[in-house]
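Q: Input: one structure, supplied below.
In my numbering, the protein residues as written are 48 to 140.
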């Protein structure tokens, strides 16, 4: 089984984490269109492959973010994601 297609996502909340010189910091992400804020809307392309064994499916997928989520000049922020899935199909014969 192969999968490919577009995706759209809307951020509900988020945090950014940083580590430097042995110190860690966490900050809540603010969403909006102003400086220092990030866009809620994300879109991109998803790709995946999997195998089916009876009622079970196992798969791996990758989402490639195409939207720049940053509102800052000269800064690009994109989402990319890797997914591993296990599915049990009900009523499969």
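Ideal Cβ placement from N, Cα and C applies to all residues, glycine included.
What you are looking at is a predicted structure, and each value in this text was computed from that prediction instead of being measured.
By how many angstroms is the C-alpha of residue 136 removed from the C-alpha of residue 73?
A: CA-to-CA, the gap between residue 73 and residue 136 works out to about 39 Å.
Q: For residue 110 and residue 68, what's the separation of their Cα atoms in angstroms?
A: The straight-line gap from Cα to Cα measures roughly 32 Å.
Q: Determine, using beta carbons only, whether residue 64 and residue 71 come nearer to each other than 8 Å.
A: yes
Q: Which residue marks the beginning of the beta strand (DSSP E) containing residue 134, and which one marks its end?
A: 127-135
Q: CB-CB under 7 Å to residue 76, same chain, minus the five flanking residues each way: which ones, in chain order?
A: 61, 62, 63 and 85
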